[in-house]
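2 protein chains.
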Amino acid sequence: MITRMSSLFLRTLREDPADAEVPSHKLLVRAGYVRRIAPGIYSWLPLGYRVLRNVERVVREEMDAIGAQEVHFPALLPKEPYEATGRWTEYGDSLFRLRDRKKADYLLGPTHEELFTLMVKGEYSSYKDYPVILYQIQNKYRDEERPRAGILRGREFVMKDAYSFDLDDEGLKRSYELHREAYVRIFDRLGLEYHVVSAVSGAMGGSASEEFLAPAEVGEDTYVRCLESGYAANVEAVTTPAPPARPVEGLPAAEVHNTPDTPTIQSLVDFLNAAELGRVFTAADTLKNVMVKTRQPGAEEWELLGVGVPGDREVDFKRLEASLAPLEVALLEEADFAANPWLVKGYIGPKALIGRGVRYLVDPRVVPGTAWVTGADQLDHHVVDLVCGRDFTPDGTIEAAEVREGDPSPDGAGPLVMARGIEIGHIFQLGRKYADAMQLDALGPDSKPVRITMGSYGIGVSRAVAAIAEQRHDELGLVWPREIAPADVHVVVAGKDDAVRSGAEGIAAELDAAGVRVLLDDRTVSPGVKFADAELIGVPTILVVGRGLAKGVVEVKDRVTGERAEVAADEVVAHLVSLCRS
Amino acid sequence: MITRMSSLFLRTLREDPADAEVPSHKLLVRAGYVRRIAPGIYSWLPLGYRVLRNVERVVREEMDAIGAQEVHFPALLPKEPYEATGRWTEYGDSLFRLRDRKKADYLLGPTHEELFTLMVKGEYSSYKDYPVILYQIQNKYRDEERPRAGILRGREFVMKDAYSFDLDDEGLKRSYELHREAYVRIFDRLGLEYHVVSAVSGAMGGSASEEFLAPAEVGEDTYVRCLESGYAANVEAVTTPAPPARPVEGLPAAEVHNTPDTPTIQSLVDFLNAAELGRVFTAADTLKNVMVKTRQPGAEEWELLGVGVPGDREVDFKRLEASLAPLEVALLEEADFAANPWLVKGYIGPKALIGRGVRYLVDPRVVPGTAWVTGADQLDHHVVDLVCGRDFTPDGTIEAAEVREGDPSPDGAGPLVMARGIEIGHIFQLGRKYADAMQLDALGPDSKPVRITMGSYGIGVSRAVAAIAEQRHDELGLVWPREIAPADVHVVVAGKDDAVRSGAEGIAAELDAAGVRVLLDDRTVSPGVKFADAELIGVPTILVVGRGLAKGVVEVKDRVTGERAEVAADEVVAHLVSLCRS
């Protein structure tokens with residue numbers, strides 16, 4: 274295929290678009306791959322659509338290779354299945370909802386667990402039918418609060434979503450492993466650097482789950498890695514190693530101190546150290562009790578929850594939310610404090626909470642035998658040496674404290690380092706949540722129903738384009754891996770005379786005949802403009818046909834390494850063909 | 274590619290679905306190609322999605338071949354561009370509208386003229402940029418009042434929409450002709466029988482327009498053909514040959530008759546013939562005046578319009594609407610008659626209308642010199658011998674009367690025959706409607722702006738699947754043309770013994786290696802079930818490997834003709850490969 278720049282619907286931009294902040298967004302717009310239509314809603318221009326379809330092809334090939342079968346659901350969906358699983362309300366404002374002319378409720382599908390479950394239920398009945406893996410590549414819709422970074426976080430985006438259906442947990446693990454391997458092959462072929470990190474499943478429900486994160490400064494996902502062991506996890510999924518419990522015998526008794534005007538940890542520590550109690554206190558010796566409220570999704574009533582974390586750490590609300598999911602969580606409002614006057618802001622302690630029957634969860638570091646400085650439940654008073662397991666017994670532990678660079682890896686192998694990444698894939702062992710909601714059973718060999726167990730597996734197809742652009746660009750432009758580039762060779766006609774032009778045309782025709790995809794810059798603009806556009810567009814190999822042709826040479830430039838080589842004009846086709854096939 | 278029925282996500286049905294009335298709908302559901310999700314909203318199962326993608330591929334190849342460039346727009350679109358052209362309101366209830374979390378108005382795109390116009394305006398500026406043809410294959414949304422017949426008239430459907438942008442009318446004609454030729458190639462490759470008929474463009478605006486209609490009893494479009502000349506037209510586009518005007522000299526004077534109790538044409542004719550006026554009257558001698566009201570889209574006020582047609586014909590409201598487009602048309606309500614008491618229902622005549630300044634349009638057959646029996650504008654009175662051009666002069670003519678089988682073809686070549694068809698394609702010369710609305714200009718060679726002229730070209734991609742199924746099926750099932758069939762050869766393993774099974778597997782593997790797409794029925798069900806499913810699924814060639822294999826023969830069945838042939842097992846691969854390539 275030869276694509277001629279003289280007629281290609283493409284106008285590159287020299288300036289970055291005003292609304293773009295991240296490199297992939299700037300470059301994809303400047304190079305004429307995408308255009309903005311509305312916040313988080315983009316059009317694909319010819320070169321961009323080619324890249325998108327190339328990514329789709331890679332995804333499709335690897336999904337087909339694990340025996341997954343492609344189907345296609347509508348994007349416009351009736352409310353009822355999503356009501357059955359509660360997601361009609363759980364999605365909140367993120368769901369695009371609409372009504373048809375008969376006032377029936379519809380939504381634009383954010384993900385299709387419900388529909389796939391119902392489809393399998395409609396077709397399959399016997400245990401002999403299973404396992405089955407179905408997938409689709411389709412437009413998805415989420416009304417993001419802050420769509421950003423072009424196609425990196427859009428409101429309409431292309432996703433591959435796959436679902437596995439198995440008779441038992443072992444089958445689910447096999448299906449999950451098949452996807453994990455397919456995803457590795459897909460992201461390798463897409464030329465992405467990525468880490469597979471443990472993840473919590475959030476609102477999706479279910480148990481085991483991993484994310485494929487492409488490291489990038491602009492990524493929205495913070496994750497940690499242990500360089501020693503290779504451990505990697507989403508911050509929400511990091512578990513805190515608990516120290517061993519200690520004996521309480523011999524520990525000093527708890528003592529309430531008048532600590533006037535110490536509503537913050539720092540003011541408290543300063544006060545205590547100034548009081549010369551014979552010890553030096555640090556923030557890590559204090560136990561900070563944060564009050565939130567929780568409720569079941571859709572429920573009216575909130576319940577109080579106390580969360581105790583060491584005072585040198587903040588509560589990470591996303592970790593807190595993930596730990597409590599599917600419960601909804603909110604901070605207390607003034608009205609809540611007014612309704613519970615026994616909650617003394619700045620001086621809340623475990624004893625009042627436990628005494629009043631309020632659920633109280635603590636950081637895993639708060640083990641029996643640890644002594645804490647904490648609130649004494651009255652204004653300007655704290656208690657010192659309040660010992661866990663002796664003076665108070667929490668209702669359990671919770672992962673809510675922030676994770677920090679240098680924290681120990683849960684596997685004990687070394688310290689954690691922090692990284693940022695773009696979520697490009699996510700695999701879940703959903704279990705029976707949707708099968709339960711939709712009553713998806715198979716008739717077993719003993720004629721008894723077997724509840725099906727499911728997995729769900731997503732790839733952000735359009736987001737992958739942005740992630741690749743984010744990882745593979747330089748100051749001049751994009752640098753596509755060949756597998757998904759809009760062309761194999763960008764032929765620049767660098768000269769106006771007929772010999773150069775016809776020489777370039779001849780080479781392009783030969784490349785085309787050999788199955789090489791050619792982008793031919795046959796425009797009447799200056800060579801400088803052509804070179805700049807070639808760098809910007811990012812086809813992996815640039816062939817410059819110019820004055821050297823008279824001496825029988827052309828120039829081949831590797832867009833990745835920047836290396837230039839003079840090649841004999843009569844050998845360049847063979848050279849490029851072998852390059853493209855390697 | 275070998276697809277094994279033993280693991281294919283497919284369950285055929287023996288019974289027609291309860292909600293299906295037309296053959297394509299019944300068979301596509303029974304054969305496991307599509308499943309209903311909501312009214313007019315369907316999912317594609319694996320075999321169905323293959324067929325859909327095959328149709329897409331054919332469309333894409335032929336669009337690319339005329340130099341059209343593929344882009345991809347979102348389906349979720351902001352209101353503003355559609356407001357600029359008035360279509361936000363014009364579409365009425367057919368438009369799916371929704372609001373995002375910030376209460377901004379959006380719609381699900383029914384067609385994308387506005388967006389394409391804006392995109393070209395955003396990228397192009399010089400006359401040197403033109404012409405350009407852009408297209409996309411994309412989900413479209415229309416909230417049909419009566420979605421029906423499965424995927425034949427859906428509310429979410431796949432459409433190829435293309436748009437041409439030219440500097441002048443000649444360019445537009447060339448682009449239009451390119452599309453016409455591409456459409457002929459596409460529908461030929463899809464194995465569709467079709468007629469290209471003149472069409473009016475309705476709400477789309479514009480001038481020349483043709484529809485590609487696939488003849489089918491279940492089609493919603495009525496059209497006419499003249500077998501003698503090949504003339505074909507949508508009923509809305511049929512023009513009525515006007516008889517020559519006649520001299521008014523010597524015609525009897527108009528005379529008002531008391532015609533009590535004759536509100537209908539038949540009662541009037543009966544009364545006049547009973548009155549023995551020396552002539553025999555027929556309904557064709559009467560002039561029926563039908564009152565409607567019209568207004569500009571979006572306007573508040575309605576205006577009265579009188580439409581006069583020969584009394585032996587009904588007013589065809591769709592023809593009337595098409596003739597008056599883009600005006601809105603409605604029948605009069607009681608309130609309208611009450612507000613205009615001079616309108617005497619059943620006795621309305623031209624004179625009162627013309628006298629009151631109400632616009633009055635007549636059938637083209639009402640030429641000067643024709644004498645009519647018509648209303649005398651008072652209860653129980655008609656006027657006889659009211660002569661057009663002498664006693665009344667209409668404001669013009671209108672194509673509003675029904676078209677009937679046997680009416681003369683507008684080209685004078687012979688009588689018209691009526692047919693029903695499915696609209697599978699539509700090509701329009703839009704002209705400058707959208708370029709005007711969006712101010713799409715090119716800077717001409719003289720530095721003056723040139724307003725761009727556009728064409729718009731649609732193919733119902735998912736509907737084409739239904740149209741093919743509608744035209745190509747028999748009592749046993751579907752009969753796909755090879756180009757879009759889900760497989761080339763359906764291999765039926767008709768026997769349980771290992772020799773038969775391994776023989777079939779071997780042939781399937783050889784076919785696969787030769788690039789033939791194989792659907793292999795390796796299930797453990799009876800041969801009868803397999804044969805029935807093979808007929809139902811409709812792969813063009815069925816290969817039966819059974820007991821004959823012991824004698825070295827297998828059976829090849831042509832699904833189209835039903836012909837069966839015994840072929841030597843060691844020759845069948847070569848035989849089938851050549852069959853599939855022919």
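Line order of the protein sequences matches chains A and B. No gaps in the numbering here: position 355 of the first sequence is 628 in the numbering used here, and each next residue is one more. No gaps in the numbering here: position 275 of the second sequence is 548 in the numbering used here, and each next residue is one more. In this text, a Cβ means the ideal position worked out from N, Cα and C, and glycines have one as well.
(message) I need the straight-line Cα distance from B:A787 to B:H848, nearest angstrom please.
(response) As a position in the second sequence, residue 787 of chain B is number 514, starting the count at 1. As a position in the second sequence, residue 848 of chain B is number 575, starting the count at 1. When rounded, the distance between both Cα atoms is 12 Å.
(request) Answer yes or no: does any C-beta atom of chain A fall closer than 9 Å to that of B:R774? (result) For the purposes of this step, residue 774 of chain B is taken as residue 501 along the second sequence, with counting starting at 1. It does not: the Cβ of B:R774 has no partner Cβ on chain A nearer than 9 Å.
(request) Step through the CB atoms of chain B and report whether any lies within less than 9 Å of the CB of A:M278. (result) Here the question's residue 278 of chain A lines up with position 5 in the first sequence. It does not: the Cβ of A:M278 has no partner Cβ on chain B nearer than 9 Å.
(request) Assuming A:L597 and A:P623 form a contact by the criterion Cβ under 8 Å, report the distance between their Cβ atoms to the nearest whole angstrom. (result) One-based indexing of the first sequence puts residue 597 of chain A at position 324. One-based indexing of the first sequence puts residue 623 of chain A at position 350. Not confirmed; about 19 Å, so no contact.
(message) Please report the straight-line C-alpha distance between A:V565 and A:T512, rounded to a whole angstrom.
(response) For the purposes of this step, residue 565 of chain A is taken as residue 292 along the first sequence, with counting starting at 1. For the purposes of this step, residue 512 of chain A is taken as residue 239 along the first sequence, with counting starting at 1. In a straight line, the C-alpha of A:V565 is about 21 Å away from that of A:T512.
(message) If you measure between the beta carbons of A:G423 and A:L301, is that distance less than 9 Å?
(response) Sequence index remark: in the first sequence, residue 423 of chain A carries index 150 (1-based). Sequence index remark: in the first sequence, residue 301 of chain A carries index 28 (1-based). Yes.
(message) 9 Å is my cut-off, CB to CB: does B:W317 come that close to chain A?
(response) Taking the first residue of the second sequence as 1, we reach residue 317 of chain B at position 44. Yes, B:W317 lies at the interface with chain A (some Cβ there is under 9 Å from its Cβ).
(request) Could you tell me which of B:A823, B:S799, B:L784 and B:V798 sits nearest to B:L816, measuring between CA atoms? (result) Counting from one through the second sequence, the residue named residue 816 of chain B turns up at place 543. It is B:L784.
(request) Compare the Cα-Cα distances from A:D747 to each of A:F282, A:V582, A:H699 and A:G811 and report the closest residue. (result) Within the first sequence, the letter at position 474 stands for residue 747 of chain A. Nearest of A:F282, A:V582, A:H699 and A:G811 to A:D747, Cα basis: A:G811.
(message) Going by C-alpha to C-alpha distance, which of B:F369, B:A377 and B:E386 sits closest to A:L380?
(response) Residue 380 of chain A sits at position 107 when you count from the first residue of the first sequence. The candidate whose alpha carbon is nearest that of A:L380 is B:F369.
(message) For B:D880, count the other beta carbons within 10 Å of its own beta carbon; 16 or more makes it buried, fewer makes it exposed. Which is it?
(response) Residue numbering for chain B in the displayed model covers 274 to 855; residue 880 of chain B lies beyond these limits and cannot be assessed.
(message) Suppose you measure from the CA of B:T834 to the CA of B:G694; what does that come to, to the nearest Å?
(response) Counting from 1 along the second sequence, the entry for residue 834 of chain B is found at position 561. Counting from 1 along the second sequence, the entry for residue 694 of chain B is found at position 421. Roughly 24 Å between the two C-alpha positions.
(request) From the DSSP output, in three-state form, read off A:S922 for me. (result) The displayed coordinates of chain A run from 274 to 855. Any statement about residue 922 of chain A would go beyond what the structure contains.
(request) Measure the CB-CB distance between B:F485 and B:Y456 and report whether it falls below 9 Å. (result) Numbered from 1 along the second sequence, position 212 holds the residue referred to as residue 485 of chain B. Numbered from 1 along the second sequence, position 183 holds the residue referred to as residue 456 of chain B. For B:F485 and B:Y456, yes; Cβs fall inside 9 Å.
(message) Give me the subset of the segment 295-311 of chain A whose CB atoms are less than 8 Å from a CB atom of chain B, sorted by chain position.
(response) G305, R308, I310 and A311
(request) Classify B:Y436 as helix, strand or coil using the three-state DSSP reduction. (result) Against the second sequence, residue 436 of chain B aligns to sequence position 163. The answer is strand: DSSP assigns B:Y436 an E or B state.
(message) Please report whether the beta-carbon of A:Q342 lies at a distance below 9 Å from any beta-carbon of chain B.
(response) As a position in the first sequence, residue 342 of chain A is number 69, starting the count at 1. Answer yes: the Cβ-Cβ gap between A:Q342 and chain B drops below 9 Å somewhere.
(message) Going by DSSP, what residue range makes up the alpha helix (DSSP H) through B:I339?
(response) Within the second sequence, numbered from 1, the residue matching residue 339 of chain B stands at position 66. Where B:I339 is concerned, there is no enclosing alpha helix (DSSP H), given that its DSSP letter is neither H nor E.
(request) Return the chain-ordered list of same chain residues with a C-beta closer than 7 Å to the C-beta of B:I310, the five sequence neighbours on each side being excluded. (result) Translated into the one-based positions of the second sequence, residue 310 of chain B becomes position 37. Excluding residues within five positions, the ones whose Cβ falls inside 7 Å are S316.
(message) Considering Cα atoms alone, identify which of A:S399, A:A603 and A:V762 is closest to A:D714.
(response) On the first sequence, residue 714 of chain A is found 441 positions in, with the first residue counted as 1. Answer by Cα proximity: A:S399.
(request) Tell me A:M691's beta-bridge partners as DSSP assigns them. (result) Position 418 of the first sequence holds residue 691 of chain A. A:V497, per the DSSP bridge assignment.
(message) When you compare the segment 695-712 of chain B with the segment 487-505 of chain B, are there three or more beta-carbon pairs, one atom per stretch, that lie closer than 8 Å?
(response) yes
(request) Note down, in chain order, every chain A residue with its Cβ under 7 Å from the Cβ of B:G395. (result) Residue mapping note: residue 395 of chain B aligns to position 122 of the second sequence, counting from 1. Ordered by position in chain A, the residues that pass the 7 Å Cβ test against B:G395 are R308.
(message) Residues in the same chain with beta-carbon distance under 6 Å from A:L451, minus the five sequence neighbours each way, listed in chain order, please.
(response) Walking along the first sequence from the start, residue 451 of chain A turns up at place 178. Contacts found: I339.
(message) Would B:R458 and B:E335 be called neighbours here (beta carbons separated by less than 9 Å)?
(response) Working through the second sequence from its first residue, we reach residue 458 of chain B at position 185. Working through the second sequence from its first residue, we reach residue 335 of chain B at position 62. Yes, Cβ-Cβ distance for B:R458 and B:E335 is below 9 Å.
(request) Name, please, each residue of chain B whose Cβ falls closer than 7 Å to the Cβ of A:R421. (result) Position 148 of the first sequence, counted from the first residue, corresponds to residue 421 of chain A. Ordered by position in chain B, no residue passes the 7 Å Cβ test against A:R421, which lies about 15 Å from the chain.
(request) Give the straight-line distance between the Cα atoms of A:D439 and A:S735, rounded to the nearest whole angstrom. (result) Sequence index remark: in the first sequence, residue 439 of chain A carries index 166 (1-based). Sequence index remark: in the first sequence, residue 735 of chain A carries index 462 (1-based). Rounded to the nearest angstrom, the two C-alpha atoms are 29 Å apart.
(message) Just checking: is the beta-carbon of B:P351 within a distance shorter than 9 Å of some beta-carbon in chain A?
(response) Here residue 351 of chain B corresponds to residue number 78 of the second sequence, with the count starting at 1. Yes, B:P351 counts as interfacial toward chain A.
(message) If you reduce the DSSP assignment to three classes, tell me which class A:P351 lands in.
(response) What you label residue 351 of chain A is simply residue 78 of the first sequence in a count that begins at 1. Of the three classes helix, strand and coil, the one that applies to A:P351 here is strand, per DSSP.
(request) Check the Cβ-Cβ distances between A:R284 and every residue of chain B, and say whether any is below 9 Å. (result) Residue mapping note: residue 284 of chain A aligns to position 11 of the first sequence, counting from 1. Closer than 9 Å to some Cβ of chain B, the Cβ of A:R284 qualifies, so yes.
(request) Classify B:R426 as helix, strand or coil using the three-state DSSP reduction. (result) On the second sequence, residue 426 of chain B is found 153 positions in, with the first residue counted as 1. If DSSP states are grouped into helix, strand and coil, B:R426 belongs with the strands.
(request) Could you pull out every residue in the same chain whose Cβ sits closer than 7 Å to the Cβ of A:V332, ignoring the five residues on either side in sequence? (result) Counting from one through the first sequence, the residue named residue 332 of chain A turns up at place 59. I410, K433, I459, I732 and V734, listed in sequence order.
(message) Using a Cβ distance threshold of 8 Å, determine whether the segment 673-684 of chain A contacts the segment 520-533 of chain A, with at least three qualifying pairs required.
(response) no
(message) With a threshold of 9 Å between beta-carbons, can A:Y379 be considered close to chain B, or not?
(response) Looking up residue 379 of chain A in the first sequence gives position 106. Answer yes: the Cβ-Cβ gap between A:Y379 and chain B drops below 9 Å somewhere.
(request) For the alpha helix (DSSP H) holding B:I538, just list the boundary residues, first then last. (result) As a first step, residue 538 of chain B is located in the second sequence; it is residue number 265 there, counting from the start. Looking at the DSSP string, the run of the alpha helix (DSSP H) that includes B:I538 is I538 to A547.
(message) Using 8 Å for Cβ pairs, my map puts B:D366 next to A:R372. What's the rounded Cβ distance?
(response) As a first step, residue 366 of chain B must be located in the second sequence, where it is residue number 93. As a first step, residue 372 of chain A must be located in the first sequence, where it is residue number 99. The pair is not a contact, with the Cβ atoms about 11 Å apart (cut-off 8 Å).
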